[in-house]
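Numbering (the working numbering), first residue to last: 1 to 102.
A short write-up of the structure that comes next.
Structure, rendered in structure tokens:
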């Protein structure tokens, strides 16, 4: 999320990170993990698994915050998140507030 200003204690804040593991052969392509990911880290892939379903794939797992929602929602236990430790938040450039979107 991009904010127009940064908190004063930004240097002392640590953000959890997760390492995503997808067991593609278990997946039936329901898309719950993709739809409900709060960071929009997952997308449905174009390739199919052995059963003919499209498993999810991660766009960039560095944005995963290790919430575990995908693990809880998966009916086939095909995805899980490993603890990736705590990291400082990504550096965010301030938005140019003078630009007008049309």
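Where a beta carbon is used, it is the ideal one built from N, C-alpha and C, also for glycine.
Keep in mind that this is a model prediction, so the values were computed, not measured.
- Counting only residues of its own chain and dropping the five nearest sequence neighbours on each side, residue 82 has a CB closer than 6 Å to the CB of 19.
- Considering only 7, 58, 33, 59, the residue with the shortest C-alpha distance to residue 72 is 33.
- Sequence-distant partners of residue 26 (beyond 5 residues in either direction) whose C-beta falls short of 8 Å from its own C-beta, in its chain, are 76, 77, 78.
- DSSP places residue 42 inside the beta strand (DSSP E), whose first and last residues are 42-44.
- Residue 89 and residue 30 have their alpha carbons spaced roughly 31 Å apart.
- In the three-state reduction of the DSSP assignment, residue 81 falls in the strand class.
- Selection 85, 87, 61, 65 evaluated against residue 21 yields 61 as nearest (Cα-Cα).
- In the same chain as residue 45, and ignoring 5 residues on each side of it, the C-beta atoms closer than 8 Å to its own belong to 54, 55, 56, 57, in chain order.
- Taking each of 37, 7, 14, 11 in turn and checking the Cα distance to residue 68, the smallest one comes out for 37.
- In its chain, beyond the 5 residues on either side, 89 have a beta carbon closer than 7 Å to the beta carbon of residue 10.
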